[in-house]
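Trainee: Dropping the structure in here first, questions after.
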Amino acid sequence: MSAPFLDAYAQFLHLADTLHFSRSAEALAMSPSALTRCIQRLEEELGHALFVRDRRKVSLTRAGQLFRDHARQQLIAHRELLEALSAEEASPTGELRIACTVTACHSVLPSLLARSRALYPDIALQLRTGDAARSLQQLHADEVDMAVVPAPDVSDDELRYVDLATTALTFVAPAADEELQERVRHGGKHWNGLPVIMPRRGVERARVDAYFAELGVSPSRYAEVDGNEAILAMVSLGCGVGLVPELVRQGSPLRDAIRAVPVPSPPAGYTVALCAKPRTLERRAMAAFWELASTRAETP
Numbered sequence: 476m477s478a479p480f481l482d483a484y485a486q487f488l489h490l491a492d493t494l495h496f497s498r499s500a501e502a503l504a505m506s507p508s509a510l511t512r513c514i515q516r517l518e519e520e521l522g523h524a525l526f527v528r529d530r531r532k533v534s535l536t537r538a539g540q541l542f543r544d545h546a547r548q549q550l551i552a553h554r555e556l557l558e559a560l561s562a563e564e565a566s567p568t569g570e571l572r573i574a575c576t577v578t579a580c581h582s583v584l585p586s587l588l589a590r591s592r593a594l595y596p597d598i599a600l601q602l603r604t605g606d607a608a609r610s611l612q613q614l615h616a617d618e619v620d621m622a623v624v625p626a627p628d629v630s631d632d633e634l635r636y637v638d639l640a641t642t643a644l645t646f647v648a649p650a651a652d653e654e655l656q657e658r659v660r661h662g663g664k665h666w667n668g669l670p671v672i673m674p675r676r677g678v679e680r681a682r683v684d685a686y687f688a689e690l691g692v693s694p695s696r697y698a699e700v701d702g703n704e705a706i707l708a709m710v711s712l713g714c715g716v717g718l719v720p721e722l723v724r725q726g727s728p729l730r731d732a733i734r735a736v737p738v739p740s741p742p743a744g745y746t747v748a749l750c751a752k753p754r755t756l757e758r759r760a761m762a763a764f765w766e767l768a769s770t771r772a773e774t775p
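When we follow the working numbering, the leftmost residue of the sequence shown carries the number 476, and every step to the right adds one.
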C-alpha cells in the first residue's frame, strides 16, 4: 500500500538530503527528468518553490524546509498505521532504517542482522552508511529509525541505548615510515610538529584533543576528515598519524599499509551502541529488533 503522494514525499526527502538531482535519481531508480517533474508537481500543488536551483548548487528554500518536516511526519504516520494494522500478525512487519559506519556493517551488525532475518523475515532492513556524527544527525531528524554510534560519555536523555561492542583506540602510522612510528612510540615532546590526521568531530576527536592537551604537546594537524576509513586512507598514503578504533583497524583492507603503534596511557576506548528514540520503540517491528539487540548484549 503506497499512495502516489507518499512516493513523491519520499523522493522529495531523498533530494532534500543529497541536494543533488542526479545522485538522488540514481538512488531512487528514476531519471533526473522524472525526479524534476515530481518536484515541480509538488511545487505547483503547494504554490511555493521548494528548492533553489542554479548551475552550481541546489538548496532548500524556507518553504522546502517546512515541507521537509511535514513530509517526514506523513511518512512516519503512514508507516505507523501499516504496523498497527499488522499488529495481530504472527511476525512483526515493517521497514527498519539503520544508520551506521561501513565498519559497523561488517564488524558489529552481521550476527544481529542475521538473527533478525531468521526470526523476523518480514522486517525489511535498510542500512545507510556514513560517519557516526552524520548517523546521529539522521536519527535526530527522523531520517532513520536507529543508529550505531559510539556511546557518549554522558547519555542523551532523548535516546535509549543498547551496547553492542567495545573497542580500544589505537594510534596508527604508515607501515613504511619507521621513523614516524618511533616518534609516536616515544611520545611526549616527540609529538610536537608531528603530522596528525584528525577526526573532524565525535568521540574520537574529543579523545585525541584531550590526550594531546594532557601531554601539553602541539602536533601539526595535517588534515581534518569525516570517518575512520578516511583517516586510515590518508595514513596508508604516508600523510601522517591517526587515532582509530581497533575494530576499524582490524577490519580495514588497508591494514597491511599501516602499523598500530603502542603509546603510554593511550586515549580511552569506547562502547559501540545501538540507539533509538523511545517513541520509535513503541512500534512493533522496532521493538522486536531492539529486544534482539538487548538479548545479544546480555549474552556472555
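Here a beta-carbon is modelled for each residue, glycine too, at the ideal position from N, C-alpha and C.
Using 7 angstroms as the threshold, is the C-beta distance between alanine 626 and alanine 748 below it?
Mentor: Contact flag set, yes.
Trainee: Using 7 angstroms as the threshold, is the C-beta distance between alanine 650 and alanine 732 below it?
Mentor: Result yes, Cβ atoms of alanine 650 and alanine 732 sit closer than 7 angstroms.
Trainee: Spatial neighbours of aspartate 617 within its chain, please: CB distance less than 7 angstroms, with the 5 preceding and 5 following residues excluded, ordered by chain position.
Mentor: Cβ within range, chain order: Arg547 and Ile551.
Trainee: Could you give the first and the last residue of the continuous beta strand (DSSP E) run that contains glycine 677?
Mentor: Glycine 677 -> no beta strand (DSSP E), and no H or E assigned at all.
Trainee: Between the segment 709-718 and the segment 665-674, do three or more beta carbon pairs fall short of 8 angstroms?
Mentor: Taking 8 angstroms as the limit for Cβ pairs, the verdict is that the segment 665-674 does touch the segment 709-718.
Trainee: Report buried or exposed for glycine 569, applying the criterion of at least 16 other Cβ atoms within 10 angstroms of its Cβ.
Mentor: Classification for glycine 569: buried.
Trainee: Using the rule of at least 16 other Cβ atoms within 10 Å of the residue's Cβ for burial, across every protein chain shown, is glutamine 601 buried or exposed?
Mentor: It counts as exposed.
Trainee: Name the DSSP bridge partner or partners of alanine 640?
Mentor: Paired residue(s): Val747.
Trainee: Just mark threonine 770 as buried or exposed, buried being the case when its beta carbon has 16 or more other beta carbons within 10 Å.
Mentor: Counting Cβ neighbours within 10 Å, threonine 770 comes out exposed, since fewer than 16 surround it.
Trainee: So, for leucine 584: in the same chain, excluding its five sequence neighbours on each side, which residues have a beta-carbon less than 7 angstroms away from its beta-carbon?
Mentor: Around leucine 584: Cys575 and Val623.
Trainee: Can you tell me which residues form a DSSP beta bridge with methionine 505?
Mentor: Answer is none; methionine 505 lacks a bridge partner.
Trainee: Once the 5 residues before and after tyrosine 484 are set aside, which same chain residues still bring their CB inside 7 angstroms of it?
Mentor: Once the five neighbours on either side are set aside, the close Cβ partners of tyrosine 484 are Ala546, Gln549 and Leu550.
Trainee: Return the CA-CA distance between serine 610 and threonine 604, expressed in angstroms with no decimal places.
Mentor: Computed Cα separation, rounded: 8 angstroms.
Trainee: By Cβ distance below 7 angstroms, which residues in the same chain neighbour alanine 708 in space, the five residues on each side in sequence not counted?
Mentor: Same-chain partners within the cutoff: Leu729.
Trainee: Quick one: grab the DSSP three-state call for threonine 645.
Mentor: Residue state, collapsed to three classes: strand.
Trainee: To the nearest angstrom, report how far apart leucine 756 and tryptophan 765 are at their CA atoms.
Mentor: Those two C-alpha atoms are separated by around 7 angstroms.
Trainee: Could you spell out where the alpha helix (DSSP H) holding threonine 578 opens and where it closes?
Mentor: It spans 577-582 - the alpha helix (DSSP H) in which threonine 578 sits, taken as one unbroken run.
Trainee: Rounded to a whole number of angstroms, what is the C-alpha to C-alpha distance between aspartate 631 and valine 637?
Mentor: For aspartate 631 and valine 637, the distance between alpha carbons rounds to 13 angstroms.
Trainee: Please state whether DSSP places glycine 697 in a helix, a strand or coil.
Mentor: Per the sequence shown, residue 697 should be read as tyrosine rather than glycine. In this structure, tyrosine 697 counts as strand in the three-state DSSP scheme.
Trainee: Apart from the five residues on each side of it in sequence, which residues of its chain come closer than 8 angstroms, Cβ to Cβ, to leucine 517?
Mentor: Within the same chain, leucine 517 has close Cβ partners Ala483, Phe487, Leu525 and Phe542.
Trainee: Taking its Cβ as the centre, do 16 or more other Cβ atoms sit within 10 Å of proline 567, making it buried, or is it exposed?
Mentor: So proline 567 ends up on the buried side.
Trainee: Use the C-beta contact count for glycine 668: other C-beta atoms within 10 angstroms, 16 or more gives buried, fewer gives exposed.
Mentor: When all chains shown are included, glycine 668 counts as exposed.
Trainee: Looking at the strands, I want to know which residues DSSP matches up with threonine 621.
Mentor: Looking at the sequence itself, residue 621 is methionine, so the reference to threonine does not match. Answer is Ile573 and Ala751, bridged to methionine 621.
Trainee: In angstroms, rounded to a whole number, what distance separates the CA positions of threonine 642 and alanine 735?
Mentor: Approximately 14 angstroms between the Cα atoms of the pair.
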